[in-house]
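Protein chains: 2
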Amino acid sequence: MLSLREREPFLLCATAATLATLAENPIFGVLVPEPALRREWRRRLVDHDGQHDGDGGIARWLKLTDGLGLDRDYVVSLVGLLPATRFAVEAYVHFVREKTLLEAIVSSLTELFSPQIISERLEGMLKSYDFVSRDTLAYFSARPPLAQRDSDFAVDYVKRYAKTPDALQAVLKALEFKCDVLWAMLDALYHAYVAPKHIPPGAFVPQDWNTA
Amino acid sequence: MLSLREREPFLLCATAATLATLAENPIFGVLVPEPALRREWRRRLVDHDGQHDGDGGIARWLKLTDGLGLDRDYVVSLVGLLPATRFAVEAYVHFVREKTLLEAIVSSLTELFSPQIISERLEGMLKSYDFVSRDTLAYFSARPPLAQRDSDFAVDYVKRYAKTPDALQAVLKALEFKCDVLWAMLDALYHAYVAPKHIPPGAFVPQDWNTA
Numbered sequence: 296m297l298s299l300r301e302r303e304p305f306l307l308c309a310t311a312a313t314l315a316t317l318a319e320n321p322i323f324g325v326l327v328p329e330p331a332l333r334r335e336w337r338r339r340l341v342d343h344d345g346q347h348d349g350d351g352g353i354a355r356w357l358k359l360t361d362g363l364g365l366d367r368d369y370v371v372s373l374v375g376l377l378p379a380t381r382f383a384v385e386a387y388v389h390f391v392r393e394k395t396l397l398e399a400i401v402s403s404l405t406e407l408f409s410p411q412i413i414s415e416r417l418e419g420m421l422k423s424y425d426f427v428s429r430d431t432l433a434y435f436s437a438r439p440p441l442a443q444r445d446s447d448f449a450v451d452y453v454k455r456y457a458k459t460p461d462a463l464q465a466v467l468k469a470l471e472f473k474c475d476v477l478w479a480m481l482d483a484l485y486h487a488y489v490a491p492k493h494i495p496p497g498a499f500v501p502q503d504w505n506t507a
Numbered sequence: 296m297l298s299l300r301e302r303e304p305f306l307l308c309a310t311a312a313t314l315a316t317l318a319e320n321p322i323f324g325v326l327v328p329e330p331a332l333r334r335e336w337r338r339r340l341v342d343h344d345g346q347h348d349g350d351g352g353i354a355r356w357l358k359l360t361d362g363l364g365l366d367r368d369y370v371v372s373l374v375g376l377l378p379a380t381r382f383a384v385e386a387y388v389h390f391v392r393e394k395t396l397l398e399a400i401v402s403s404l405t406e407l408f409s410p411q412i413i414s415e416r417l418e419g420m421l422k423s424y425d426f427v428s429r430d431t432l433a434y435f436s437a438r439p440p441l442a443q444r445d446s447d448f449a450v451d452y453v454k455r456y457a458k459t460p461d462a463l464q465a466v467l468k469a470l471e472f473k474c475d476v477l478w479a480m481l482d483a484l485y486h487a488y489v490a491p492k493h494i495p496p497g498a499f500v501p502q503d504w505n506t507a
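The listed protein sequences derive, respectively, from chains R and P.
Note that my numbering has the first sequence beginning at 296, numbered continuously upward.
Note that my numbering has the second sequence beginning at 296, numbered continuously upward.
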């Protein structure tokens, strides 16, 4: 019951001038009236940072890069990151920082499609690539239930809070933005490593590039 | 003499705690002690916004897009912008906003090479493409003297203020960053419109794409 009550919208009555002052000053962000929302969102930190060393999504991702023979320090340093990837990820960080809570949550909705896609690709990768194992792909096998839970939450949130035409437009724009982020990352990978294989200066070059 | 004096570094003596408070609060940005620097930098606004309607770099750029047969409202709306271009430009805006004044100014140093490159390409475009004229390319013919002036200023500024190894490292990193921005934009154009011609959803599609 407490949890339900906390998830209801918080209504603050004040003059327009007072509300404007509150809205302008980030210190009043601590008044965000949804501890239940923060508890829900906190799960994503737990998912990625884990409960102890070697646990969590980031650790599983590094297991994948280890398994592919990449130097861990090099991976963690991000030195070899494609600039277009960095710019896209930074655009996402700035988006969720600067937009409304609704738009920020909506931008996670691409997870809606990932349980099925990841499951299909996981089996495909195991079948087709002898350089990966179920163990190195643990990042992906752990994702579907988390993605399912996260997208269920986001869909529920949108249904609750996107009630006006303007809000629905903002929802669509936010999801388009997130698709642009993912698409730009894939295009940059394709351009650098598939065709025409133009790797930007300083970015990762596969060891067997010349013999591939 | 006043101008010279104003371009000298401004020395503020205070306790570490006071200096930290000043550094944290953007209101003290009005204390930036260089009206001469702001006057110099203001020229870039004048260059692009012009002195009246139809004047300045942006107006000349729209003359180019008009000349190429593009709808002006469509161009100005940025609807057809490649997402990777948008992300790269936003990364640049965030860079100059968040980094030091030295790094922000240094990131303009790619202009160092543009007077020669633009002049060569201008002649090449006029010789090779019958769909452009000296008039539609006015944006480019106006740039070289401005780019020369801007890069002369930036080189002089770096020589004056980048005196420590750390500052020089920051200078190199800032210039690398700016090159990454330009490179990512060119790669995105190449990927979408040269090879493999994968245009992201929603981005500009040339009218004669199918008959080209």
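C-beta atoms are modelled at their ideal positions from N, C-alpha and C, and glycine is treated no differently.
At a Cβ-Cβ threshold of 9 Å, residue 449 of chain R and residue 400 of chain R count as neighbours. A check of alpha carbon separations from residue 339 of chain P across P:443, P:394, P:470, P:471 identifies P:443 as the nearest. Annotated three-state conformation of residue 474 of chain R is helix, per DSSP. At least one beta carbon of chain R lies nearer than 9 Å to the beta carbon of residue 389 of chain P. Counting C-beta atoms within 10 angstroms of its own C-beta, residue 388 of chain P has fewer than 16 neighbours from the protein chains shown and is therefore classed as exposed. The three-state secondary structure of residue 380 of chain R, taken from DSSP, is helix.
Inter-residue distance for residue 456 of chain P and residue 405 of chain P is about 18 Å (C-alpha atoms, whole angstroms). For residue 483 of chain P, the residues of chain R that pass the 9 Å Cβ criterion are 379, 479, 482, 483, 486, in the order they occur in the chain.
At the C-beta level, residue 348 of chain R and residue 495 of chain P stay beyond 9 Å of one another. In terms of beta-carbon proximity, residue 500 of chain P stays away from the interface with chain R, with every pair separated by 9 Å or more. Counting every other CB atom within 10 Å of its CB across the protein chains shown gives residue 380 of chain P a total of 16 or more, marking it as buried.
The C-alpha of residue 421 of chain R is placed about 28 Å away from the C-alpha of residue 447 of chain R.
Under the Cβ distance rule, residue 374 of chain R does not count among the residues neighbouring chain P, no pair being separated by less than 9 Å.
Near chain P, meaning a CB-to-CB distance below 9 Å, the residues of the stretch 458-477 of chain R are 471, 472, 474, 475, 476.
Residue 498 of chain P sits away from residue 490 of chain R, with the two beta carbons spaced by 9 Å or more. The C-beta distance from residue 470 of chain P to residue 377 of chain P rounds to 24 Å, too long to meet the 8 Å contact threshold.
The stretch 427-435 of chain P makes contact with the stretch 354-367 of chain P, as at least three CB pairs between them are under 8 Å.
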